[in-house]
Amino acid sequence: MRFQELILQVPEDELRLRFHPQLTVLAGLGPDERQALADSIVGALAGGPQDTALRYLDASGEPVSVLGRDGRISARRDDGTPVAEPIGTLAASRRELRALMLITVDELGPEIRRTREDEPPELAEARDTLEALTAELETARAEQAATAGRRSELAELDEALRRAREGAARRQYALVLAQLERVRAEAAALQSDEASIEADQRLLDAGDEVRELARRWAAATAQVVELSEGASEERLTDEEREALVGVPEAPPEDLAALVQDLSDAAHRRDQLDRRLQDLAVSQLPAPSAPFVADLGVLDQGSLWTAADRLIAATDAMREVQVSLGGLELDDLGPPSSVVAEIEAAHAEREEAERAVEAIRLPAWGGTVLGALAGVAGLATAPILVPVGLGAAAVAAGAGIVRPNLRLGRATREERRALDQAGATSYLGFHIRRVEASVDPHLRETVEATFDEHRQALAAWAALVGDDVPLEAATALEAEIRSYHQAVQDLGETADEMEHLRRELDQEAVPAWRAARAAVAEACVPYALADDALEDPRLLAVVEQQCRRGGLARTQARLHKAEVVAQATADRLASELAPLGFDTGNLDARVGALEWAITRAEERQDARHRARPRPEIEAELTHLTEAAAALRRPEWDMVTAAEAAAPDIAELEARRELVVAELGGTSTEVDVDRLADRHAAVERRVASLEARFGARTNGDPGALADLQQALLGRLTAAGQAGPAGDPVPVVLDEAFQRVPPDRSWDLLDLLLRLAERHQMIYLTDDAFVAAWARQRALDGSITLLEPEADGAEHETV
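Per my numbering, the sequence shown starts with residue 70, numbered consecutively.
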């Protein structure tokens with residue numbers, strides 16, 4: 070697997086990262102940025118909160134696109150063929166995938182330093198200087214940030230004061246408009262008729278109840294929106310939601326151990342079975358049926374004695390069944406062929422009798438009419454004589470002779486079948502059933518025969534099992550005996566086979582069944598399919614069920630919230646319609662109701678405190694003239710709501726306070742120059758540590774440990790792909806603790822390893838960036854780093 074391109078959706082934009090087939094270095098990233106980018110890369114495969122699009126080449130070189138949205142991913146090839154999700158193929162969970170793909174500095178070994186007591190004076194002095202510069206730099210940066218914040222606040226206050234002073238006339242005009250609107254409402258209130266007063270009162274009476282209903286509807290709608298955001302695009306059916314809502318949030322703690330026990334038990338069972346089959350195939354003739362080998366290893370005397378006993382008991386049961394009129398016995402199966410033959414013959418005889426009765430009269434009539442026509446022809450037309458006699462012969466043959474012949478054959482067949490059963494008639498054959506139920510001696514015979522058959526059947530099942538029918542075994546008796554003789558000729562091999570078979574039947578198979586039952590019991594709450602226990606990815610399947618269970622619970626709450634919201638909306642609509650708000654969407658109708666109630670309250674209040682009409686009209690005229698005098702052409706959109714004015718005195722007092730704080734700020738320090746000095750001293754400390762360290766990150770022993778840890782991590786990811794191919798690895802500032810003069814050697818090693826294993830290195834180290842710039846010149850790697858203006862540029 071090799072990444073080609075990653076697209077990350079960021080607010081109002083998208084970020085595209087094109088990866089080198091071997092090594093890609095992303096430089097200039099702080100700790101938070103590196104962590105976020107590493108999470109995004111892992112989330113592109115495992116699903117995360119960010120919308121992503123990842124394109125990679127699989128082990129066969131085919132391009133695969135992985136789209137991530139709302140925490141779920143889908144992977145497809147360019148031809149539309151779906152690809153299995155990485156969770157379950159690369160790793161069992163997102164946490165395991167992150168541990169497989171991400172390598173941090175802490176995972177390659179702890180930071181190794183000497184104690185302060187045995188450090189050389191030069192190194193100790195450099196450390197003290199670095200600590201002092203670090204404290205001074207932090208203080209300077211804090212003061213710089215505070216000063217920048219005060220200056221930004223001062224600019225905002227200046228702008229607010231400017232707008233407040235410039236808008237004084239506009240606010241005065243808005244204030245007049247507000248007063249004018251109030252007086253007009255007061256004048257309109259005096260002009261209201263009884264119908265308007267009643268309408269206002271009706272609105273006010275219903276106002277509290279409808280407002281409460283609207284508030285509940287708004288809360289229910291907000292809950293639906295909130296739950297919809299976490300319900301994902303996959304909508305479960307009612308049946309799926311009901312089945313999954315009770316699934317626990319996490320898999321059983323001991324499921325991994327139980328699955329391992331099941332795997333071990335299945336492996337042992339299969340191993341013994343293969344060994345047994347190998348011995349049988351190599352030493353014994355190939356059986357024509359699987360049960361031949363099973364019966365061939367048994368004692369043949371006991372086997373065929375049990376078979377003869379069962380055959381004799383079965384024949385006795387069938388004889389009893391026939392002798393008692395086809396008595397049905399559940400344990401014996403369907404009636405014997407003799408009984409079936411009697412029933413079929415009797416049915417045929419009854420059908421022949423019905424046919425004879427049905428055609429007898431028409432046949433006799435046709436015969437008589439044909440004969441009369443022949444006799445009449447002797448006197449009138451001789452040509453009618455053969456025609457009439459022929460018609461009489463046909464009618465007699467088809468209607469009398471043939472049905473009687475059929476009836477005779479059917480009667481003879483019934484007689485023959487009854488003779489086989491020793492019955493004198495069909496009725497007598499069935500009367501035997503009644504005799505069996507009332508004659509105690511017959512009942513004893515039936516019960517004794519039944520008991521013998523049951524015991525013989527139990528003996529056969531105990532010897533060969535329930536899966537081998539007697540008829541099939543007897544049909545292959547010769548082959549089974551030959552197989553048994555071949556087994557006897559094996560000598561020690563036969564003993565080994567018998568030992569393997571006993572170990573398989575008595576230990577391995579019961580152990581496997583017990584392990585499977587334990588796994589099945591642990592998985593009962595997870596609503597798995599019947600064949601899920603045989604899935605090698607059972608852990609991933611259970612985790613997927615846990616996720617779907619959470620989704621089912623969310624969607625169940627969403628469904629309940631939708632029902633409540635709809636019921637509340639229906640009730641609210643029914644309350645709004647009588648008040649005249651029966652058109653438009655519900656939001657608009659609620660808004661119109663609020664406006665109407667507010668206006669009704671104003672009119673009601675105006676009626677209660679109404680002044681004399683001349684006084685109102687005089688104030689109305691005065692305010693109208695004042696508004697006309699203050700109005701400007703550009704104030705067409707001014708409303709009474711703009712009458713509220715900011716407190717200019719409060720703004721000025723706050724401005725004076727901020728100016729005083731700025732005036733008291735100490736002389737600013739050159740932060741950039743101080744940062745450069747801090748970096749220089751930091752490099753000097755690292756260099757001195759490398760020179761004087763007895764066991765620091767720069768000495769050969771520590772570097773060897775780091776290289777060994779790195780190779781171990783790469784080996785783990787080297788065969789984790791779906792086809793045993795390497796999975797790309799992300800290194801987050803992995804060589805941060807290595808001295809600069811040794812880091813380039815490790816980076817060169819990393820480049821050589823990247824020939825087989827694609828890597829992405831995230832860093833904020835200037836030395837790593839300098840190494841990457843040199844290697845990027847010949848196209849060995851891809852370097853991505855931000856430019857001075859904050860944009861990113863790529864070096865290949």
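The beta carbon of each residue, even a glycine, is placed where N, CA and C say it ideally should be.
Helix, strand or coil at residue i according to DSSP, with G and I counted as helix
i    : result
D873 : Summary: the structure shown does not reach residue 873, with the chain confined to residues 70 through 865, and so no result is reported for it.
T383 : helix
M170 : helix
F804 : coil
R582 : helix
S143 : strand
M828 : strand
V111 : helix
P702 : helix
A319 : coil
Q788 : coil
E74  : strand
A823 : coil
V152 : strand
G781 : helix
V796 : coil
G618 : helix
L364 : helix
Presumed contact (8 Å Cβ cut-off) between residue i and residue j, rounded CB distance
i    : j    : result
L731 : V252 : Rounded, the Cβ-Cβ distance is 48 Å, inconsistent with contact.
L379 : A525 : 4 Å
L822 : L852 : In fact, because the Cβ distance is near 18 Å, the residues do not count as touching under 8 Å.
A160 : D794 : About 15 Å separates the two Cβ atoms, so there is no contact after all.
A256 : I666 : That belief does not hold up - the Cβ atoms of A256 and I666 are roughly 21 Å apart, past 8 Å.
T150 : I76  : Contact flag wrong, Cβ pair sits at about 21 Å.
L545 : A358 : 6 Å
Residue i, buried or exposed, once every other Cβ within 10 Å from all chains shown has been counted against 16
i    : result
A586 : exposed
I850 : buried
Q91  : buried
T623 : buried
R164 : exposed
V727 : buried
R640 : exposed
D400 : Here D400 scores only 42 on pLDDT, less than 50, and its place in the model is too uncertain to base an answer on.
Closest Cα partner of residue i within the set the options
i    : options                : result
Q868 : R668, R124, D817, R167 : Since the displayed the chain opens at 70 and closes at 865, residue 868 lies outside it and no answer follows.
A755 : R806, T690, L620       : R806
H89  : V837, L820, A838, A839 : L820
G112 : M828, Q614, V799, D307 : V799
L106 : D148, A528, R167, A288 : R167
P594 : P100, E318, E212       : E318
Q554 : R668, L364, E131, L282 : L364
P605 : C615, E824, L331       : L331
D741 : A237, L831, A209       : A209
P855 : Q73, L720, Q78, E102   : E102
R234 : F836, I717, T518       : I717
L948 : E309, M828, L75        : The requested residue 948 does not occur in the structure, where the chain is confined to residues 70 to 865.
A687 : L249, Y830, A229       : L249
Cβ-based neighbour list, residue i, same chain, cut-off 6 Å, excluding 5 preceding and 5 following
i    : result
F360 : V537
T173 : D801
A591 : P321, L324, L327
A334 : A580, W581, A584
A375 : A528, W529, L532
E521 : A382
I549 : V361, L364, G365
H747 : L202, L206
A195 : R753, V754, L757
Contact set for residue i: own chain, Cβ-Cβ below 7 Å, skip 5 residues either direction
i    : result
G39  : This structure cannot speak to residue 39, because the chain is shown only from 70 to 865.
V293 : L627, A630, E631, A634
Q241 : L699
G619 : E318
T184 : Because T184 carries a pLDDT of 49, less than 50, the predicted location of this residue cannot be relied on, and the following value inherits that uncertainty. The answer is none, since no qualifying residue turns up.
E603 : none
V796 : M70, L159, L169, M170, A786, A789, G790
Beta-carbon proximity list for residue i, same chain, < 8 Å, skipping 5 on both sides
i    : result
E278 : E644
L608 : A161, P320, L324, A325, V328
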